[in-house]
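Asker: For the sequence shown, the numbering used here assigns the number 53 to the initial residue and increments by one for each residue that follows. A virtual CB, placed ideally from N, CA and C, is assigned to each residue, including glycine. Bear in mind that the values here come from a model prediction, so they are computed numbers and not experimental data.
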Amino acid sequence: MVAGKHLGNGTDYEYDGIIIAMGTRYEDTTGPVCYMCSCSNTGELDCCHTSRFIRELPGTCKIEQKGCHEVAVSKVEESQPCEGPISGVLR
Numbered sequence: 053m054v055a056g057k058h059l060g061n062g063t064d065y066e067y068d069g070i071i072i073a074m075g076t077r078y079e080d081t082t083g084p085v086c087y088m089c090s091c092s093n094t095g096e097l098d099c100c101h102t103s104r105f106i107r108e109l110p111g112t113c114k115i116e117q118k119g120c121h122e123v124a125v126s127k128v129e130e131s132q133p134c135e136g137p138i139s140g141v142l143r
């Protein structure tokens with residue numbers, strides 16, 4: 053559960069500059085760090101990050117930002133995916 057700023061009218065919360073009405077949800081998909089928030093009918097605000105970040109990849113690969121997510125591609129041919137083990141996290 054993430055604490056948002058209650059706006060005092062009993063129905064709306066503010067999170068990261070976005071006003072979220074009770075009973076609705078908001079998803080930020082502009083990147084590089086994306087998140088989804090929902091405000092329940094009881095007024096509880098729940099937000100979580102939905103972005104993927106790469107932590108380890110082979111030396112033959114590089115990281116590119118694609119919307120909300122980091123993507124591993126070949127350094128030689130950037131249109132090709134990275135060959136090899138890649139580790140990452142959701143944040």
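State buried or exposed for residue 53, treating a residue as buried only when at least 16 other CB atoms are found within 10 Å of its CB.
Answerer: Any reading at residue 53 must be qualified, since the residue scores a pLDDT of 41, below 50, and its modelled position is unreliable; the value itself is stated next. Result: exposed.
Asker: What residue range does the beta strand (DSSP E) around residue 139 cover?
Answerer: Per DSSP, residue 139 belongs to the beta strand (DSSP E) from 139 to 142.
Asker: Please state the DSSP three-state secondary structure of residue 96.
Answerer: The answer is coil: DSSP assigns residue 96 none of H, G, I, E or B.
Asker: Measuring only the C-alpha atoms, how far is residue 138 from residue 63?
Answerer: The straight-line gap from Cα to Cα measures roughly 43 Å.
Asker: Looking only at its chain, what residues have a beta carbon closer than 7 Å to the beta carbon of residue 121, apart from the 5 residues adjacent to it on each side?
Answerer: So the list reads 103, 104, once near-sequence residues are dropped.
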